[in-house]
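Peer 1: Questions regarding the structure given below will be posed in turn.
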Amino acid sequence: MEALGVTEPTLLEHVLMLTRVEKFMNWSRATSVWPVTFGLACCAIEMMAAGASRFDFDRFGSGIFRASPRQADLMIVAGTVSCKMAPILKNVWDQMPEPKWAIALGSCATCGGPFDSYHTIQGVDKIIPVDVYIPGCPPRPESLLYGFMKLQDKIMSSSLADKYRELFEPPAQSPIESVEPIDLIHEGSQ
Ligand code: SF4
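Numbers given in my numbering equal positions in the sequence shown, counted from 1, plus 913.
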């Protein structure tokens, strides 16, 4: 080995693995994201297919869809968000503990899809912050898996320093927070 210019790892290097706390925390979060059980329309069938044996969402450590938002850190918005459903969606989101993430799955969740009408929210990002948008009507389960891997990349590159800055220096209220779902209902019914 040494003749080839490659040094053998020492015994200490065999038994020790060095990393940063931030990297370790991001890795543990990215590989154990638990989605809340939440489906709204046809795209939810694709989400369920992703969780079944053929696509096996479990291999990302994320196959455990939680029945309580208090035990979940990912919301996959799969389907049409109607004005009537918006306050319930926001309520479920608010009950999820930080840090939490959201995926908009399909055209309806990203921009209203084919329902450009008075009763549909034109994109769930009008109610909650969205991390990954997945287009398609409906997107295939592979698209959800790819979008999920993008979310993992985002989690891996997140910074603990930024998170603590957010906690101790809260920013001014974001435009999303200032929108009450009830306003959207009134807008929709006009
Ligand atoms: S995007 Fe298409 S498949 Fe998905 S919920 Fe909307 S209409 Fe249904």
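Just so you know, even glycine gets a beta-carbon here, dropped at the ideal spot from N, CA and C.
Ligand 1 and Ser966: does the residue's C-beta get closer than 8 angstroms to at least one heavy atom of that ligand?
Peer 2: Indexing the sequence shown from 1 puts residue 966 at position 53. Ser966: no, Cβ never under 8 angstroms from ligand 1.
Peer 1: Of all the beta strand (DSSP E) runs that stay within the bounds of the stretch 1001–1070, which reach a length of 3 or more residues?
Peer 2: Fully enclosed beta strand (DSSP E) runs of 3 or longer: 1014–1018, 1045–1047.
Peer 1: Where Ala881 and Ile1041 are concerned, what is the direct C-alpha to C-alpha distance, given to the nearest angstrom?
Peer 2: No answer is possible for residue 881: the residues shown for the chain start at 914 and end at 1103.
Peer 1: Looking at the structure shown, is Ser975 part of a helix, part of a strand, or coil, going by DSSP?
Peer 2: As a working note, residue 975 is residue 62 in the sequence shown. Residue state, collapsed to three classes: coil.
Peer 1: Pick helix, strand or coil for Val990, following the three-state DSSP scheme.
Peer 2: Indexing the sequence shown from 1 puts residue 990 at position 77. Looking at Val990 - three-state DSSP - the assignment turns out to be strand.
Peer 1: Are Leu1057 and Ala985 touching if we call contact CB-CB under 9 angstroms?
Peer 2: Reading the sequence shown from its first residue, position 144 is the one you call residue 1057. Reading the sequence shown from its first residue, position 72 is the one you call residue 985. Cβ distance not < 9 angstroms, so Leu1057 and Ala985 don't count as in contact.
Peer 1: Can you say whether Asp1075 is buried or exposed, counting buried as having 16 or more other CB atoms within 10 angstroms of its CB?
Peer 2: Locating residue 1075 in the sequence shown gives position 162, counting from the first residue. When all chains shown are included, Asp1075 counts as exposed.
Peer 1: Can you confirm whether Leu1058, when its beta carbon is compared against all beta carbons of chain D, has any partner nearer than 9 angstroms?
Peer 2: Given the protein chain composition of this structure (a single chain), no chain D is represented.
Peer 1: Are there 16 or more other CB atoms within 10 angstroms of the CB of Leu1002, so buried, or fewer, so exposed?
Peer 2: Here residue 1002 corresponds to residue number 89 of the sequence shown, with the count starting at 1. Classification for Leu1002: buried.
Peer 1: Here's the rule I'm using: 16 or more other beta-carbon atoms within 10 Å means buried, otherwise exposed. How should Leu1073 be labelled?
Peer 2: On the sequence shown, residue 1073 is found 160 positions in, with the first residue counted as 1. Exposed, by the Cβ-count rule.
Peer 1: Would you check whether ligand 1 has a heavy atom nearer than 8 angstroms to the C-beta of Pro1027?
Peer 2: The residue given as residue 1027 occupies position 114 in the sequence shown. Yes.
Peer 1: Given a cut-off of 9 angstroms, decide if Thr993 and Ala1017 are closer than it, judged by their beta-carbon atoms.
Peer 2: Position 104 of the sequence shown, counted from the start, is the residue given in the question as residue 1017. Position 80 of the sequence shown, counted from the start, is the residue given in the question as residue 993. No.
Peer 1: Just checking Pro1051 against ligand 1 - is the residue's beta carbon closer than 8 angstroms to any of the ligand's heavy atoms?
Peer 2: As a first step, residue 1051 must be located in the sequence shown, where it is residue number 138. Checking the Cβ of Pro1051 against ligand 1 gives yes.
Peer 1: DSSP three-state call for Ser995: helix, strand or coil?
Peer 2: In the sequence shown, the residue the question calls residue 995 occupies position 82. In the structure shown, Ser995 sits in a strand (DSSP, three-state: E or B).
Peer 1: Can you tell me which residues form a DSSP beta bridge with Pro982?
Peer 2: Sequence index remark: in the sequence shown, residue 982 carries index 69 (1-based). The partner list for Pro982 (beta bridge, DSSP) is empty, contrary to what the question assumes.
Peer 1: Per DSSP, what are the beta-bridge partners of His946 in this structure?
Peer 2: Within the sequence shown, the letter at position 33 stands for residue 946. Correcting the residue identity first, residue 946 is Val in this sequence and not His. Val946 is not bridged to any residue.
Peer 1: Would you kindly work out how many angstroms separate the C-alpha atoms of Gly1026 and Glu921, rounded to a whole number?
Peer 2: For the purposes of this step, residue 1026 is identified with residue 113 of the sequence shown, where counting begins at 1. For the purposes of this step, residue 921 is identified with residue 8 of the sequence shown, where counting begins at 1. Using only the alpha carbons, I get a separation of about 57 angstroms.
Peer 1: Which same chain residues end up closer than 8 angstroms to Gln1065 when comparing Cβ atoms and leaving out the 5 residues on each side of it in sequence?
Peer 2: Residue 1065 sits at position 152 when you count from the first residue of the sequence shown. Same-chain partners within the cutoff: Ala943, Thr944, Val946, Phe973.
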